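Protein chains in written order, with our numbering: chain E, 1 to 335; chain V, 1 to 286.
Everything on this sheet refers to the single structure shown next.
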């Protein structure tokens, strides 16, 4: 197991170098003068230009620039936003809980509905429930989620007035953020009604962001379950007279869940990396919206730092998923 | 013909796949015949008929069947022209990503060693970024627009082809027919692309269909975020972005473009499921 972990971690090094190189090259590949792109100033004097050129280090050899970029990253310096004049890492850390809260809720929503639906569809293969749920799953899988979000806003916020249109919290409530998770903070220190407000703000974004993972998980659970139900050991378990519930719930489910867990993990990585569309539609103050705003405002330092941080998160989550997979599936680690 | 008949037998068992195929053929016809069947020009603004509701609703007008948008353009005509954009985007993106991905995958799987390591590490790096985010950043470098969006999406989708091809080539490479061809004196290029590749096509076709629908979705998403096709292009995602401010006043300007995307993507995915079941029993999942 140790050798497996070591080899898996070692493989991250080239990926990390590649990711940092992509983020590093990003600013240098932008059309036009990188000094102007970075400083975000118009009509600067040649002296000012020269000063900034030296400050950003564009006059040094490219490999030296890359190493100083890496050096800064290892010291937690991802640059300073042109627009907000705040450190990119600080902004990221402030906004990340919003994205994390939303992705956890979306994943919970997808798992709670997707896994039982998939199991039931597999057990009742060919039934109306199977056909209907897999039909819905395919529609969910094909859904342009930015449109789906708009439809839900029209229906639930516009016509029925059940939920708010956007944001995380009604503006009338104000309290100190402790954990950054609105659901928890509003329970601990929020005034009366704050939790309800946080919860109602989460409903629509959760459904929208959870739709595709839900469809993927339901489809995958069904197919994994069908595969396992055809195995010899399941037939043996049935033949020796175990109750169907026990065969499905214990013998089959355990093995069927292995690929599903991987899917959940990989989807989680992608969700955490910025639910760009969902956050944009609902004005959710998270990483995805932050990146989109930065691109729109040409705040390229933020784009560069955000790109790097997001890729690091995806990389870490995928590593954890791989290691967990090796824990539940011994065949992987002895290979 | 025998092989096609066999394929059709398995494909047509899946009713969903047949429905998807019929819908897709219909959409392709609409796209090709666009200029002949669209009732109006897609950019023509009817200033006296701004935000006209669909014909069946009160205040509707039969000359604008699905209503008009905020500057008085006929929605149906724009949707018809949009089909041309979306299908064209899907086709080009799949072509670019498939050709580059397959070449890289064949090289990696055939030569192994450092070629393999280099190519696969680059693919890992591309896959480490969320696809939409990477596409957005590429468009920021290249400049917003439909053509650049297509290049960006092709680059993002390409590693899936490379990985799949590599795996397939590796499993075929040591088969007897390949060794026989090698002994008969076939060179590397011939072995890679004429001997091995045709036997790896089934999973690639399935992946191609999946990428086709993904490309349409991503292009629409980029258009929606203002980084893809630019207004007044009648691209469905761009139309949605323009319609956003009217969501509570004029439901039709937001509903129909999204519905068009959903129907198209769904039809392609249905066909993809059918192809998967018919082409490769090993991949059979549902």
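Think of the CB as a built atom: it goes at the ideal place given N, C-alpha and C, for glycine as much as any other residue.
Since this is a predicted model, take the numbers as computed values, not measurements.
Check                                                                                                                                : Outcome
First and last residue of the uninterrupted alpha helix (DSSP H) at residue 66(E)                                                    : 62 to 74
Distance CB(residue 110(V))-CB(residue 34(V)) smaller than 8 Å                                                                       : no
Helix, strand or coil at residue 232(E) [DSSP, three-state]                                                                          : helix
Exposed unless 16 or more other CB atoms sit within 10 angstroms - verdict on residue 285(V)                                         : Unreliable placement is indicated for residue 285(V), whose pLDDT of 43 sits below 50; no coordinate value is reported for it.
Span separating the alpha-carbon of residue 273(V) from that of residue 318(E)                                                       : 27 Å
Residues bridged to residue 87(E) [DSSP beta-bridge criterion]                                                                       : 80(E)
Counted within 10 angstroms of its Cβ, other Cβ atoms place residue 189(E) as buried (16 or more) or exposed                         : exposed
Touching by the beta-carbon criterion (3+ pairs, under 8 Å), the segment 196 to 205 of chain V and the segment 102 to 118 of chain V : yes
Chain-ordered neighbours of residue 270(E) on chain V, where CB pairs are closer than 7 Å                                            : 130
Neighbouring residues, chain V, relative to residue 311(E) (Cβ below 8 Å)                                                            : 128, 129
Partners in chain E for residue 33(V), counting only beta-carbon separations shorter than 8 Å                                        : Under the 8 Å cutoff, chain E gives no residues; its nearest Cβ is about 25 Å from residue 33(V).
Touching by the beta-carbon criterion (3+ pairs, under 8 Å), the segment 248 to 268 of chain V and the segment 126 to 144 of chain E : yes
Exposure of residue 62(V), with buried meaning 16 or more beta-carbon neighbours within 10 Å                                         : exposed
Exposure of residue 45(E), with buried meaning 16 or more beta-carbon neighbours within 10 Å                                         : exposed
Bounding residues of the alpha helix (DSSP H) (the contiguous stretch that carries residue 49(E))                                    : 46 to 56
Distance between beta carbons of residue 157(V) and residue 214(V), contact taken as under 8 Å                                       : 6 Å
Entirely enclosed alpha helix (DSSP H) segments - the segment 81 to 148 of chain E, minimum 4 residues                               : 88 to 123, 128 to 141
Under the three-state DSSP convention, the category residue 285(V) falls into                                                        : Confidence at residue 285(V) is low in this model, with a pLDDT of 43, below 50, so the placement of that residue is unreliable and no value is reported for it.
Proximity winner among 245(V), 154(V), 216(V), 113(V), relative to residue 236(V) (alpha-carbon distances)                           : 216(V)
Short Cβ contact (8 Å threshold) for residue 270(E) with residue 146(E)                                                              : no
Chain-order list of residues whose beta-carbon lies under 7 Å from that of residue 322(E) (same chain, five-residue window excluded) : 8
Minimum Cβ-Cβ distance from residue 125(V) to chain E less than 8 Å                                                                  : yes
Exposure label - residue 1(E); buried when at least 16 CB within 10 Å                                                                : exposed
Best match in 121(V), 270(V), 187(V), 190(V) for proximity to residue 18(E) [C-alpha to C-alpha]                                     : 121(V)
Interface flag, residue 244(E) vs chain V, CB-CB below 8 Å                                                                           : no
Coil, strand or helix - residue 185(E) by DSSP                                                                                       : helix
Strand pairing of residue 61(V), partner residues [DSSP]                                                                             : 64(V)
For residue 277(V), the residue or residues it bridges with in DSSP                                                                  : BP columns for residue 277(V) are empty, so no partner.
Below-8 Å beta-carbon distance, residue 213(V) vs any chain B residue                                                                : The chain inventory of the structure shown lacks chain B, comprising the protein chains E and V.
Where residue 295(V) falls: helix, strand or coil (DSSP)                                                                             : As displayed, chain V neither begins before 1 nor continues past 286, which places residue 295(V) out of reach and without an answer.
Under 8 Å between C-beta atoms of residue 30(E) and residue 141(V)                                                                   : yes
Buried/exposed call for residue 267(E), threshold 16 Cβ in 10 Å                                                                      : buried
Endpoints, alpha helix (DSSP H) assigned at residue 160(V)                                                                           : 146 to 173
Exposed unless 16 or more other CB atoms sit within 10 angstroms - verdict on residue 239(E)                                         : exposed
Cβ pair residue 45(V), residue 71(V) closer than 8 Å                                                                                 : yes
Chain E residues whose Cβ lies nearer than 8 Å to that of residue 49(V)                                                              : Here the premise fails: no neighbours, minimum Cβ distance about 23 Å.
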